[in-house]
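Chains D and H are the protein sequences, given in the same order.
Going letter by letter, the first sequence gives residues 2 to 319 in this note's numbering.
Going letter by letter, the second sequence gives residues 11 to 521 in this note's numbering.
Reading through the structure tokens given below for one structure.
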Amino acid sequence: MNRRQLLLIGSRLLQVVPVVILATVAIFGLLQLVPGDPAAVIAGEYATAERIADIRRMLGLDRPVWEQYVVWLGHAVQGDLSASLITGQPVLDEVLRRLPNTLLITVLALVLAVLIGVPLGILAATRVDRPTDRIVTTIASLGVAVPNFWLGMILVGFFALGLGWFPTTGAASLTQDPLRALSHAALPALALATGGIAEITRQLRSALIEVLSSQYVRTLHAKGLSNARILWQHGLKNVSLTLLTVVGLVFNRALGATVAIEAVFAIPGTGSLVVASATNKDFPVVQGVVFVLVLIVIGLNLMIDLLYSLLDPRVNRR
Amino acid sequence: MHRRHALVTLGALAATPFLAVPSPARAEKRRGGILKVSAPFNPSTLDPITGGLGSDHMVLYPIFDTLVDFEPATLAPRPGLATSWEFTDPTTLVLALRPDVLFHDGTKMDAAAVKANLDRARTDERSAVKGDLQSLQSVEVVGPLQVALRLSRPDTALPLILADRAGMMCSPKAIAERGRQHDRNPVGTGPFRFERWNDNDAVVLVRNEAYWDKQRPYLDGIHFRIITDLNTGLRAVLAGETNFAYRLNPQQKIVADRMASRVRVSSTPTIADYHLLFNYGRAPLQDVRVRQAINFALDRDGFNKAALLGLGVPAQTMLPPGYWAHDESLNNFYTHDPARARKLLAEAGHPNGIDIRFFGYSDQASQQRHEIIIEQLRQSGIRAQMMVGSSADMYQRFMVQGEGDMLLALWTGRPDPSQPFLLVYGENGFNNAGKVPPPPEMVRAQAASQSESSQEARKRAFAQLERAALEHALSAELAFVPGIEVFTPNVQGYVPNLLGKPKFNDIFLAD
Chain D
2 MNRRQLLLIG SRLLQVVPVV ILATVAIFGL LQLVPGDPAA VIAGEYATAE
52 RIADIRRMLG LDRPVWEQYV VWLGHAVQGD LSASLITGQP VLDEVLRRLP
102 NTLLITVLAL VLAVLIGVPL GILAATRVDR PTDRIVTTIA SLGVAVPNFW
152 LGMILVGFFA LGLGWFPTTG AASLTQDPLR ALSHAALPAL ALATGGIAEI
202 TRQLRSALIE VLSSQYVRTL HAKGLSNARI LWQHGLKNVS LTLLTVVGLV
252 FNRALGATVA IEAVFAIPGT GSLVVASATN KDFPVVQGVV FVLVLIVIGL
302 NLMIDLLYSL LDPRVNRR
Chain H
11 MHRRHALVTL GALAATPFLA VPSPARAEKR RGGILKVSAP FNPSTLDPIT
61 GGLGSDHMVL YPIFDTLVDF EPATLAPRPG LATSWEFTDP TTLVLALRPD
111 VLFHDGTKMD AAAVKANLDR ARTDERSAVK GDLQSLQSVE VVGPLQVALR
161 LSRPDTALPL ILADRAGMMC SPKAIAERGR QHDRNPVGTG PFRFERWNDN
211 DAVVLVRNEA YWDKQRPYLD GIHFRIITDL NTGLRAVLAG ETNFAYRLNP
261 QQKIVADRMA SRVRVSSTPT IADYHLLFNY GRAPLQDVRV RQAINFALDR
311 DGFNKAALLG LGVPAQTMLP PGYWAHDESL NNFYTHDPAR ARKLLAEAGH
361 PNGIDIRFFG YSDQASQQRH EIIIEQLRQS GIRAQMMVGS SADMYQRFMV
411 QGEGDMLLAL WTGRPDPSQP FLLVYGENGF NNAGKVPPPP EMVRAQAASQ
461 SESSQEARKR AFAQLERAAL EHALSAELAF VPGIEVFTPN VQGYVPNLLG
511 KPKFNDIFLA D
């Protein structure tokens, strides 16, 4: 690893601090705007005002908002994501228990998006304005427009309830039972992937069209190189940076979309955890999930930056 | 002795069964198998005393036996951990306990354990059932298997109160050792032992091999999968991934009916009803004529047809038609009469109609119900300004903070019919937002309903309570909801109950 790459890693790690603080402050602020009171939830259906006040005191909810945040942050930087207000369970345990389920469907969605989106993009770009291109771009537009949770329900109705090929709900551990885990993850991943497939197809198509119509490609043609060689050796190499950028964006978006998909498929992941906690204003849990997800996203961006420098040495020389 | 028998059997005799109980399966009750249940809510806690959600019961019933049990169809009391009970005088209730009952931790369930439990329920600062045990002054261990409950006033509602949370017995040893952790790691005497609870994911129970009834349970365990989206929960049953889904909407019953080859659908009446709660501590609902106008403006049949697809039963009071304590002559007390509603509003000084602040919950199904109600009221010149939020929040704002004029809520019903009137209209009732003392005739009838021991006398008291609630229009009851459950064909021995809270204890799985 050269000095430039080390510097990159260093600066990215430093970036984590302000991003995490900004993200958690924003989430904390938003949660304050949401109506609701965790103390009321804990107190149950027939609580008195005194009991709610007691619970608020016990949880420290009677303290100023900024103080609650600072206390939380103080613990978080020491690796203690504190405990859920509602259940009293450690947040980190809960997040780590659920994270594999969410990552599995997100990563699988990304793999599907690349495996389907890249060939489609190439197909469209090499047949510009011909029927194949029109069909592919139309499908891609649809893919962007279709809400993934709706598609999820359609997929369940057809492949799970109708044909019985896949389970309709739940998740399994990838390490303990990989086959079952994949069969559980298949439909939610496919539903999550549609947006990504469409995005990759469209971006790859336009980037590839640009490259293939550039002057050096004309020169390559003049030199007598075959179409296939131009595409594989020169065209795709040049659009790989675009592809990488889009893949990063698709992953981040899929991670966010798990909130709806996990509800449709009853997957115990971080998305459903955030929804359940946000409705109860259980801010330590919401903060904990956001904290971990921010770390993942920043980690991924860093990886992509490093890949840039591998794929395109010019990045290093700049 | 006679009194005891009188009390135990009276409920069963006087109660008119109006629940069509499916005849128990003739098949041999097969042992073994795990029942997987789509549960729509994460439990608040699994300690019966500290939890506060009506949806917890489905998970609590298998872990905890209650001192008194109830007949599913009539809610008449029947022996539970207490084999019999007797009011030796109007303020002393003596319970005889079942011998040879062990908690899941191996300790004995005896008179001392019952005393420890009831004392905890009425005094512990975290207890959510103190309100149910207001009349209980002290508990005395009379013998190893006999306890005497000393009351501050006659309270014939107590036996059935002991069929609810307050009567669920936890191991005193576990409570002492685990403290707050008992919320998440409970120890009872029920047919199933607690094994594991992952929040918003699963609760796993396994067979209690040492259960006092050697025949039961039939199942090896119950796995509750917490699936908060009802449609997803139903899909899991349709796909055979879980065996049972409950608390479904009428709309989902239609979906399940179409899949009749895969699942069984049960729809039975319950004592749970949708009602509009009023804050009559201040204007404009302080005026009884305005409250009556709202009651006349509502089209209960229309609400039942539109919101419950006609599967519910229109309601006048919190006691349903056909229920033993209900006075059938009140079934048409309020009819849909917009002209009369307008006239009452005019008399109350609102000739141009009236604006009221209407609170409700923000989920989709609730919003649908709100729209129906808003439109019905509008036709009588009552303009409802809607305000929605999460159920816990809106409930607190309405009941505790005293905001808003009217709240649409689901009353989940109680085993004993005196409880609803006390909790909703009583001066300190949790659902009496304005904390206005009830009318004197209601106070008298309430006392009679709790001190009379003969079922006939209690019935008269309930008729007075119902009539007073209607005449003073203290709330507007809309419709009793059906209990809708969907299960796979191999689920046998399920008996729905009038509370609308399914018990899984006696279920077995056919081959």
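Don't be surprised by glycine CBs; every beta carbon is placed ideally from N, CA and C.
- Beta bridge pairing from DSSP links Arg88 of chain H with H:Asp79.
- When Cβ pairs closer than 8 angstroms are counted between the two stretches, the region 72-91 of chain D is seen to touch the region 272-291 of chain D, the count reaching three or more.
- Inclusion of Asp134 of chain D and Ala125 of chain D in the CB contact set at 8 angstroms is warranted, their separation being smaller than that value.
- A direct Cα-to-Cα measurement between Gly144 of chain D and Gly196 of chain D gives close to 5 angstroms.
- Using a CB distance cut-off of 8 angstroms, Val157 of chain D counts as an interface residue toward chain H.
- Residue state for Val139 of chain H is assigned as coil, using DSSP reduced to three classes.
- Chain H places no beta carbon closer than 8 angstroms to that of Ile262 of chain D, leaving this residue out of the contacts.
- Per DSSP, Arg160 of chain H is one residue of the beta strand (DSSP E) stretching across 156-161.
- The alpha-carbon of Ile392 of chain H is positioned some 28 angstroms away from that of Ile281 of chain H.
- Three or more Cβ pairs closer than 8 angstroms define a contact, and the region 110-130 of chain D meets that threshold against the region 244-254 of chain D.
- In the DSSP assignment, Asp283 of chain H falls within the beta strand (DSSP E) that extends over 274-288.
- Our two residues, Glu487 of chain H and Asn241 of chain H, have alpha carbons roughly 28 angstroms apart in a direct line.
- Secondary structure remark: continuous beta strand (DSSP E) runs of at least 3 residues inside the region 212-261 of chain H, in chain order: 212-217, 231-236.
- Within the same chain, Val287, Gln288, Val291 come within 7 angstroms of Ile28 of chain D by CB-CB distance, once the 5 residues on both sides are set aside.
- Around the C-beta of Trp67 of chain D, fewer than 16 other C-beta atoms lie within 10 Å, and the residue is accordingly described as exposed.
- Nearest Cα to Pro19 of chain D within the set D:Leu60, D:Val78, D:Gly165: D:Val78.
- Annotation for Arg272 of chain H: Leu248 place their beta carbon closer than 7 angstroms to its own, counting only its chain and skipping 5 residues before and after.
- Against Asn210 of chain H, the close residues of chain D are Pro269, Ser273, Leu274, Ala277, in the order they occur along the chain (beta-carbon pairs closer than 7 angstroms).
- If you keep only unbroken beta strand (DSSP E) runs of at least 3 residues inside the region 99-128 of chain H, you get 102-107.
- Shown here for Ala176 of chain H: same chain residues with a beta carbon closer than 7 angstroms to its own, the five before and five after excluded, namely Ala131, Val139, Asp142, Leu143 in chain order.
- Apart from sequence neighbours up to five positions away, the residues of its chain that approach Gly291 of chain H with a beta-carbon distance below 6 angstroms are Gly444, Val446, ordered along the chain.
- Residue contact with chain D for Ile237 of chain H: present (Cβ-Cβ distance below 8 angstroms to some residue of chain D).
- The continuous alpha helix (DSSP H) containing Glu51 of chain D extends over residues 50-60.
- Nearest CB-CB separation between Arg245 of chain H and chain D: below the 8 angstroms threshold.
- Per DSSP, Met269 of chain H is not a residue of any beta strand (DSSP E), being assigned neither H nor E.
- Counting along the chain, the unbroken beta strand (DSSP E) around Val496 of chain H starts and ends at 485-497.
- Using a Cβ-Cβ cut-off of 9 angstroms, Leu308 of chain D is close to nothing in chain H; its nearest Cβ partner there is about 35 angstroms away.
- The beta carbon of Leu301 of chain D sits closer than 7 angstroms to the beta carbons of Gly249, Phe252 from its chain, once the five residues preceding and following it are set aside; these are given in chain order.
- Residue pairing for Ala84 of chain D: DSSP places it in a beta bridge opposite D:Pro91.
- Against Leu248 of chain H, the close residues of chain D are Leu162, in the order they occur along the chain (beta-carbon pairs closer than 7 angstroms).
- With its beta carbon less than 8 angstroms from one in chain D, Gly399 of chain H belongs to the interface.
- The C-alpha of Asp283 of chain H is placed about 24 angstroms away from the C-alpha of Gln296 of chain H.
- For Arg203 of chain H, the three-state secondary structure derived from DSSP is strand.
- Sequence-ordered contacts of the region 165-185 of chain D with chain H read Pro168, Thr169, Thr170, Gly171 [C-beta pairs closer than 7 angstroms].
- Three or more Cβ pairs closer than 8 angstroms define a contact, and the region 159-168 of chain H meets that threshold against the region 97-107 of chain H.
- Between the region 215-229 of chain D and the region 190-204 of chain D there are fewer than three C-beta pairs closer than 8 angstroms, too few to call the two in contact.
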